[in-house]
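Undergrad:
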Amino acid sequence: MAAADVFKLLKDNDVKFVDLRFTDTRGKEQHVTVPVRAFGPEKFEDGHAFDGSSIAGWKGIQASDMLLMPDPDSARLDPFSDEPTLNITCDVIEPADGKGYDRDPRTIAKRAEAYLKSTGIGDTAYFGPEPEFFIFDGVTWNIDMSGCFVKISSEEAPWSTGKEFEGGNMAHRPPVKGGYFPVPPVDSLQDIRNAMCLALEQQGVEVEVHHHEVAAAGQNEIGTKFNSLVKRADWMQILKYTVWNVAHSYGKTATFMPKPIVGDNGSGMHVHQSVWKDGKNLFTGNGYSGLSDFALYYIGGIIKHAKALNAITNPGTNSYKRLVPGFEAPINLAYSSRNRSAACRIPLVTDPKARRVEVRFPDPTTNSYLAFAAMLMAGLDGVQNKIHPGDPIDKNLYDLPPAQAKKVQNVCSSLDMAIDHMNKDREFLTKGGVFSDDMLDAYCALKMEEITRFRMTTHPVEFDMYYRS
């Protein structure tokens with residue numbers, strides 16, 4: 001879609017407002033809205049000015065002026081606004097030189113795509129994330145000097161069997177770890193997911209599947225079609241926006257938090273990926289599970305740099321409550337065509353064009369622009385340096401003999417460990433100027449603020465463990 005097509009869309013749909021959207025370092029979408037009469041061709045040429053100092057981890061007050069440059073191809077009608085509104089995704093531009101801002105996640109993702117082409121290795125990287133999320137009836141929490149608590153309300157949850165509800169207790173609900181795949185009324189969220197899928201399709205995001213996930217208290221997944229790196233990260237932001245707003249319209253609340261519930265499955269975001277050149281899938285070959293040497297080296301790069309990647313792909317302290325040994329969590333730095341506890345799984349496909357690797361340790365709180373770019377850079381480093389991942393492990397990784405199990409490394413077990421690994425292993429990210437040291441330093445500083453707050457906050461479980469000591 002070109003700029004001219006955007007203005008036709010505005011006219012044909014009697015649009016009243018244009019919403020300019022961009023993504024901050026943490027992955028949260030931000031926006032500013034202008035009346036349609038104030039949105040002219042100059043917005044695509046000169047951009048829209050805003051204050052970058054108010055965005056966490058970005059500019060200081062002394063150099064805060066920045067520009068939003070709309071991408072006409074991203075324009076879509078907002079299905080949730082009362083007045084006709086057009087949403088457009090923007091790049092963040094430095095006014096001084098007209099280039100993409102060094103800390104703008106979408107700019108970094110574009111640089112990763114450009115770097116891929118510059119190497120001559122390939123011309124397109126495709127990504128297909130599978131974000132899981134929870135839908136609850138309500139959530140309350142409080143943290144202050146007197147103490148802290150969190151309480152989740154969910155009529156579908158197993159803990160609601162003994163509660164009285166207006167109109168009666170529905171009774172049909174999945175047990176713990178029993179949410180995959182019972183039909184309604186046990187799956188109480190079918191209609192909400194249907195509504196989410198229709199809203200996604202209205203915004204140009206093609207849906208392939210949706211279903212209830214394993215966790216009992218409202219865990220869900222919506223599978224959408226793969227696309228090129230930047231486009232697919234754009235779609236991920238649309239998906240989150242859609243999930244939150246449809247849930248809200250039903251009087252419920254949705255979260256992509258990896259581990260909101262104790263004792264049931266957490267939410268991951270498995271990311272399918274492949275690299276192509278001249279219309280040919282470079283992952284297709286005659287090796288293990290139909291993979292090429294290119295694909296194996298790509299996997300080798302992911303495994304080698306996985307602990308540094310964790311800082312981006314698993315960006316919160318809560319992320320590591322999902323990545324715990326002994327469960328289905330993909331903590332093992334190995335690859336397999338079968339084993340779901342391996343960091344990299346090779347999906348079974350019949351069409352060689354569909355050959356790909358599924359990286360399983362990321363979670364949906366990640367900034368997709370940064371995560372896709374970082375994984376691509378790790379994979380390309382593996383290809384460039386011919387980093388072979390070794391033999392696949394198709395056995396149950398938790399039943400391996402101790403001597404063999406010790407040889408299999410794990411992903412990071414905490415956010416501060418991941419930050420430490422990123423500080424030691426970041427050269428693969430800075431190749432071609434894709435990520436800068438300044439950006440990575442600012443990212444790590446932002447994450448350390450979260451780690452420090454978490455460390456300093458007394459947790460209720462500590463009372464249970466230590467109050468009587």
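Residue numbers for the sequence shown follow the working numbering, so the first one is 1 and each next one is one higher. We put the CB at the ideal spot given by N, CA and C, even for glycine. Please read all numbers here as calculations on a predicted model, not as lab measurements.
Any idea what DSSP makes of Leu-189, helix, strand or coil?
TA: coil
Undergrad: Identify, in the order they occur along the chain, each residue of the same chain with its Cβ nearer than 6 Å to the Cβ of Thr-313, setting aside the five sequence neighbours on each side.
TA: Pro-362, Thr-366, Ala-371
Undergrad: Can you tell which of Lys-280, Leu-9, Asp-234 has the C-alpha that lies nearest to the C-alpha of Asp-351?
TA: Lys-280
Undergrad: What number of angstroms, rounded off, separates the C-alpha of Glu-449 from the C-alpha of Met-375?
TA: 24 Å
Undergrad: Which residues in the same chain have their Cβ closer than 7 Å to the Cβ of Lys-163, if we skip the five residues on either side of it in sequence?
TA: Around Lys-163: Asn-169.
Undergrad: Does the region 246-260 come close enough to the region 130-144 that 3 or more CB-CB pairs lie under 8 Å?
TA: A contact exists between the region 130-144 and the region 246-260.
Undergrad: Below 8 Å, can you find three or more Cβ-Cβ pairs linking the region 338-348 to the region 399-406?
TA: no
Undergrad: Identify, in the order they occur along the chain, each residue of the same chain with its Cβ nearer than 8 Å to the Cβ of Ala-56, setting aside the five sequence neighbours on each side.
TA: Shown here for Ala-56: same chain residues with a beta carbon closer than 8 Å to its own, the five before and five after excluded, namely Asp-24, Thr-25, Arg-26, Leu-446 in chain order.
Undergrad: Cβ of Lys-307 within 9 Å of Cβ of Met-465?
TA: Cβ distance not < 9 Å, so Lys-307 and Met-465 don't count as in contact.
Undergrad: Spatial neighbours of Thr-161 within its chain, please: C-beta separation below 8 Å, excluding the five flanking residues on both sides.
TA: Asn-169, Ala-171, Arg-173
Undergrad: Indicate whether Leu-77 and Leu-86 have their beta-carbon atoms separated by less than 9 Å.
TA: yes
Undergrad: What ranges does the beta strand (DSSP E) occupy inside the region 161-249, keeping only unbroken runs of at least 3 residues that lie completely in it?
TA: 207-212, 219-224
Undergrad: Does the beta-carbon of Asn-13 have 16 or more other beta-carbons within 10 angstroms, so that it is buried, or is it exposed?
TA: exposed
Undergrad: How about Arg-111 and Ala-373: do their beta carbons lie closer than 9 Å?
TA: yes
Undergrad: What residues are listed by DSSP as bridge partners for Ile-534?
TA: Only positions 1 to 469 of the chain appear in the structure, and residue 534 is not among them; the question remains open.
Undergrad: Between Met-236 and Tyr-467, what straight-line distance do the alpha-carbon atoms span, to the nearest angstrom?
TA: When rounded, the distance between both Cα atoms is 43 Å.
Undergrad: Short check: CB of Arg-232 to CB of Gly-128, under 9 Å?
TA: yes
Undergrad: Which residue or residues does DSSP assign as beta-bridge partners of Leu-20?
TA: BP columns for Leu-20 point to Val-32, Ile-88.
Undergrad: Is it buried or exposed for Glu-358, if we count other Cβ within 10 angstroms and need 16 for buried?
TA: buried
Undergrad: Starting from the Cα of Ala-96, find the closest Cα among Trp-276, Trp-141, Met-66, Ala-114 and give me that residue.
TA: Met-66
Undergrad: Kindly indicate the opening and closing residues of the beta strand (DSSP E) around Ala-371.
TA: Premise fails: Ala-371 lies in the alpha helix (DSSP H), 368-384, not in any beta strand (DSSP E).
Undergrad: Applying the criterion that 16 or more other CB atoms from any shown protein chain within 10 Å of the CB defines a buried residue, is Phe-496 buried or exposed?
TA: Because residue 496 is not part of the residues shown, which for the chain are 1 to 469, the question remains open.
Undergrad: If we count the other Cβ atoms within 10 Å of its Cβ and call it buried at 16 or more, is Val-324 buried or exposed?
TA: exposed
Undergrad: DSSP state of Arg-37, grouped into three classes?
TA: helix
Undergrad: CA-CA distance, Met-145 and Met-456?
TA: 12 Å
Undergrad: In whole angstroms, what separates the C-alpha of Glu-462 from that of Ala-311?
TA: Counting only the Cα atoms, Ala-311 lies some 26 Å from Glu-462.
Undergrad: Please specify which runs of the alpha helix (DSSP H), each continuous and at least 4 residues long, are wholly inside the region 51-115, giving them in chain order.
TA: none
Undergrad: In the structure shown, what three-state DSSP assignment does Met-465 receive?
TA: helix
Undergrad: Between which two residues does the beta strand (DSSP E) carrying Tyr-335 extend?
TA: 332-336
Undergrad: Please name the residue, chosen from Asn-227, Asn-220, His-212, that lies closest to Glu-206 on a Cα-to-Cα basis.
TA: Of Asn-227, Asn-220, His-212, the residue nearest in Cα terms is Asn-227.
Undergrad: Please check the pair Tyr-298 and Val-275, which I expect to be a contact at CB under 8 Å, by giving their CB distance rounded to whole angstroms.
TA: 7 Å
Undergrad: Is it a yes or a no for the region 212-231 touching the region 183-194, going by three-plus beta-carbon pairs under 8 Å?
TA: Using a Cβ-Cβ distance cut-off of 8 Å, the region 212-231 and the region 183-194 are in contact, since at least three pairs of beta carbons, one from each stretch, lie closer than that value.
Undergrad: Which one or two residues does DSSP pair with Ser-153 in a beta bridge?
TA: Gly-138
Undergrad: Can you look up Phe-133 in the DSSP assignment and give me helix, strand or coil?
TA: strand
Undergrad: Along the alpha helix (DSSP H) that carries Cys-444, what are the first and last residues, could you check?
TA: 437-456
Undergrad: By the three-class DSSP mapping on this structure, what secondary structure does Gln-409 have?
TA: Coil.
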